[in-house]
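Single-structure report; data block below.
In this note's numbering, the protein residues as written are 885 to 1286.
Structure, rendered in structure tokens:
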């Protein structure tokens, strides 16, 4: 079982790396500078460079809007949407947002320029956590922040955003994904487990599956495809539902996640078969065979084998039929059906005198002919189908040599 545990351990570490890499915080605060003087001038001045219907509409609005002093304009604009702040971190935050600089303590929080210059905090950070909770209770998402300074009042816009919106607005990864820097460690540990966990050594002449084609390549495909489908919900559900919880049944994200994870686990099931191939070892000894499989070691005396039959390792007929039917509606599925039906994997079924049957694949094992030679040497009867398959395999091997 060592080979199976090796792969399950690597798969668990891969999933942990995916969690670390893609986990995103649940709420964000986006801050941006607000120039009330500029907005005041814009409200009462003509629209330079604007023509047509927009210019006419703007002129009508200005003509119908009673003139007011700037203080009244600010009060009306921020009415019921203003939070006055002072002390603590606020002077540093206002300075960083209103006068951006690479040397600013909050420069690393600056987002992309989709909305101009803006800066992100996550919703649980101080001094925003209480504000975020209050706004969430009111089902509101915006406030103006006002800081009184010697140079006069200064204003910021504060918008609450879900993770999907924040990611679309290019929130800095260091703010959005707190564990991403840790993702490399499970990956390295998984690689170490896969590569360096000791493998069982076998004597010279042992019949083994080819490591590259039967073990390593299937493992790579399984890890890559399973990793993709296990990771997709962390990316898509955040954008579809604008929530970080990928297992929330009330919002529906859990169903979305479980479908992708089920597909991922189907690909991960390949690891079971590669573990079986990696565990397989057959030694032909005087008078007996020593067979190692996943979780089993058997000594089989040739005298205890009553017959050797053919074992078909192709996909079940019902599955091939379903794929052909599906191919009539979707030509892409027809290709899969033809590929699956063209496979000729086969093996041997050894029936023992006590009624037990031992089966294993032979079509892809280098040296499989030695097994049949030993069986014939000990006068083990073959089924007609096995005789035909071994003759074809011997003929193909001879053609390759020629």
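From the three backbone atoms N, C-alpha and C, an ideal C-beta is built for every residue, glycine too. The structure presented is a predicted model; accordingly, all values stated were derived computationally and were not measured.
Using a Cβ-Cβ cutoff of less than 7 Å, which residues in the same chain neighbour residue i once the five nearest sequence positions on both sides are dropped?
{"i": "residue 1046", "result": "911, 1126 and 1127"}
{"i": "residue 900", "result": "1070"}
My guess is that residue i and residue j are in contact by the Cβ rule of under 8 Å, so how many angstroms apart are they, rounded?
{"i": "residue 1164", "j": "residue 1092", "result": "7 Å"}
{"i": "residue 1197", "j": "residue 1230", "result": "6 Å"}
{"i": "residue 1043", "j": "residue 1051", "result": "That belief does not hold up - the Cβ atoms of residue 1043 and residue 1051 are roughly 14 Å apart, past 8 Å."}
{"i": "residue 1039", "j": "residue 920", "result": "6 Å"}
{"i": "residue 989", "j": "residue 980", "result": "6 Å"}
{"i": "residue 1236", "j": "residue 1074", "result": "Contact flag wrong, Cβ pair sits at about 40 Å."}
{"i": "residue 1122", "j": "residue 908", "result": "6 Å"}
{"i": "residue 887", "j": "residue 1178", "result": "7 Å"}
{"i": "residue 1072", "j": "residue 904", "result": "The pair is not a contact, with the Cβ atoms about 12 Å apart (cut-off 8 Å)."}
Excluding the 5 residues preceding and the 5 following residue i in the sequence, name in chain order all residues of the same chain whose CB lies nearer than 6 Å to its CB.
{"i": "residue 1005", "result": "913 and 1012"}
{"i": "residue 916", "result": "1002 and 1041"}
{"i": "residue 1244", "result": "1231"}
{"i": "residue 1176", "result": "1165"}
{"i": "residue 1242", "result": "1234"}
{"i": "residue 1079", "result": "none"}
{"i": "residue 1258", "result": "1168"}
What residues in its chain sit with their C-beta under 8 Å from that of residue i, if we drop five residues either side in the sequence?
{"i": "residue 848", "result": "In the structure as shown, the chain starts at 885 and stops at 1286, and residue 848 therefore has no counterpart that could be examined."}
{"i": "residue 1271", "result": "none"}
{"i": "residue 1267", "result": "1191, 1192, 1193 and 1194"}
{"i": "residue 1254", "result": "1091 and 1168"}
{"i": "residue 1276", "result": "none"}
{"i": "residue 1087", "result": "1167"}
Any idea if residue i is buried or exposed, counting beta-carbon neighbours within 10 angstroms, 16 or more meaning buried?
{"i": "residue 1101", "result": "exposed"}
{"i": "residue 932", "result": "Note that residue 932 scores a pLDDT of 49, beneath 50, so its modelled location is shaky; the value from the coordinates is reported in the next line. The residue is exposed, with fewer than 16 neighbouring Cβ atoms inside 10 Å."}
{"i": "residue 1068", "result": "exposed"}
{"i": "residue 978", "result": "buried"}
{"i": "residue 902", "result": "buried"}
{"i": "residue 1081", "result": "exposed"}
{"i": "residue 889", "result": "exposed"}
{"i": "residue 1048", "result": "buried"}
{"i": "residue 1007", "result": "buried"}
{"i": "residue 891", "result": "buried"}
{"i": "residue 1173", "result": "buried"}
{"i": "residue 1273", "result": "buried"}
Give the range of the beta strand (DSSP E) segment to which residue i is assigned.
{"i": "residue 1180", "result": "1180-1185"}
{"i": "residue 1103", "result": "Careful: residue 1103 lies outside any beta strand (DSSP E), inside the alpha helix (DSSP H) at 1101-1125."}
{"i": "residue 1038", "result": "1036-1045"}
{"i": "residue 1015", "result": "Where residue 1015 is concerned, there is no enclosing beta strand (DSSP E), although the alpha helix (DSSP H) it sits in stretches over 1013-1022."}
{"i": "residue 1231", "result": "1230-1236"}
{"i": "residue 1174", "result": "1172-1177"}
{"i": "residue 1165", "result": "1165-1169"}
Just to confirm the assignment, what range does the alpha helix (DSSP H) spanning residue i have?
{"i": "residue 897", "result": "886-906"}
{"i": "residue 1060", "result": "1057-1060"}
Taking contact to mean 3 or more Cβ pairs, one atom from each stretch, closer than 8 Å, check whether the region 1129-1140 and the region 1052-1060 are in contact.
no
Stretch-stretch touch, CB-based, cutoff 8 Å, three pairs: the region 1152-1170 with the region 1243-1255:
yes
If we count Cβ pairs, one from each stretch, closer than 8 Å, do we get three or more for the region 1146-1157 versus the region 1107-1114?
yes
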